[in-house]
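Okay, structure first, notes after.
Number of protein chains: 2
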Amino acid sequence: MSVKLVTTDKQKRIARYAKAMGHPVRVYVLELLSNQSCCYSGDLSDELPIAKSTLSQHLKELKEAGLIQGEIESPRIKYCINKENWKEAQLLFKQFMGI
Amino acid sequence: MSVKLVTTDKQKRIARYAKAMGHPVRVYVLELLSNQSCCYSGDLSDELPIAKSTLSQHLKELKEAGLIQGEIESPRIKYCINKENWKEAQLLFKQFMGI
DNA sequence: CATACTGTTCGTAAATTTGCGAACAAAGAT
DNA sequence: ATCTTTGTTCGCAAATTTACGAACAGTATG
Numbered sequence: 119m120s121v122k123l124v125t126t127d128k129q130k131r132i133a134r135y136a137k138a139m140g141h142p143v144r145v146y147v148l149e150l151l152s153n154q155s156c157c158y159s160g161d162l163s164d165e166l167p168i169a170k171s172t173l174s175q176h177l178k179e180l181k182e183a184g185l186i187q188g189e190i191e192s193p194r195i196k197y198c199i200n201k202e203n204w205k206e207a208q209l210l211f212k213q214f215m216g217i
Numbered sequence: 119m120s121v122k123l124v125t126t127d128k129q130k131r132i133a134r135y136a137k138a139m140g141h142p143v144r145v146y147v148l149e150l151l152s153n154q155s156c157c158y159s160g161d162l163s164d165e166l167p168i169a170k171s172t173l174s175q176h177l178k179e180l181k182e183a184g185l186i187q188g189e190i191e192s193p194r195i196k197y198c199i200n201k202e203n204w205k206e207a208q209l210l211f212k213q214f215m216g217i
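The listed protein sequences derive, respectively, from chains A and B. Taking my numbering, I'd label the letters of the first sequence as residues 119 to 217. Taking my numbering, I'd label the letters of the second sequence as residues 119 to 217.
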């Protein structure tokens, strides 16, 4: 009878990032922000067929997962990729998926 | 006033795969199966500190997302990566994350 | 100061996810 | 034919996710 192994920290971080990417709207936002530089919440709201409160929630999730960050630029908020963590996510997925 | 754009099929597929990868146990399983060849449910059950019914559910999710497949090899079931879809996932994430 | 604009937070509802143990099904072994 | 092994399915509960509109807060503008 062996001691049960548990998942590693790396696996947990991969899962955390993957979970944040697990919704089409959030993929859309990440794709936009990783390709071009930054954007405002309003720009997204114009293009996405969801309530702005719902969008705000998705952005919050991405923020909490560490994938994006928001910078106040009154009266708007400029969202950008969190470069450091995006880089970590790239590395983790590269290793994980063998790409 | 412009027609609202919606997320693309590609984004939906990325989100679908990401969602399936969004749990440490499922990352663990995928990592195992993508590195080595295949394994049995029992092998996983021995190492993971979860009920076998819970493991079965996780495997079902990975199956439904198309990332793994199970082959009956009585009395056990041999799980392998679904190579075709795994390859698609690799490609999608490569493009998506720029890696 | 009142108004408009931008975006978050709150309250709510419905759906989904996660997890467990018990019951079940299929196939081999005794 | 019964028992054992392997893994799924069922039934349930708790937590989380998704979504919306209304209300709110902060900052500019008239």
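C-beta atoms are modelled at their ideal positions from N, C-alpha and C, and glycine is treated no differently.
key: Selection from A:Leu151, A:Ser163, A:Asp164 that minimises the alpha carbon distance to A:Gln187   = Ranking the options by Cα distance to A:Gln187, first place goes to A:Leu151.
inquiry  = One question on the structure: do A:Ala133 and B:Gly140 come within less than 9 Å of each other, judged by their Cβ atoms?
reply    = Result yes, Cβ atoms of A:Ala133 and B:Gly140 sit closer than 9 Å.
message = Please determine whether the Cβ atom of B:Arg194 lies at a distance below 8 Å from any heavy atom of the ligand MG.
response = No copy of the ligand MG occurs in the structure displayed, which carries no ligand at all.
inquiry  = Can you look up A:Ile132 in the DSSP assignment and give me helix, strand or coil?
reply    = In the structure shown, A:Ile132 sits in a helix (DSSP, three-state: H, G or I).
inquiry  = Is there a C-beta anywhere in chain B that falls below 9 Å from the one on A:Ile217?
reply    = It does; some Cβ of chain B falls within 9 Å.
inquiry  = Counting only Cβ-Cβ distances shorter than 8 Å, please list the residues of the region 165 to 177 of chain A near chain B, keeping chain order.
reply    = Interface annotation for the region 165 to 177 of chain A against chain B: Glu165, Leu166, Pro167, criterion Cβ-Cβ distance under 8 Å.
query = With distances taken from CA atoms, which of A:Ser192, A:Leu210, A:Met215 is nearest A:Asp127?
reply = Comparing alpha carbon positions, the residue from A:Ser192, A:Leu210, A:Met215 closest to A:Asp127 is A:Leu210.
task = Check whether the region 165 to 176 of chain A touches the region 161 to 180 of chain B, counting contact only when three or more Cβ pairs, one atom from each stretch, lie closer than 8 Å.
result = By the C-beta criterion, the region 165 to 176 of chain A is judged not to be in contact with the region 161 to 180 of chain B, since fewer than 3 inter-stretch pairs fall below 8 Å.
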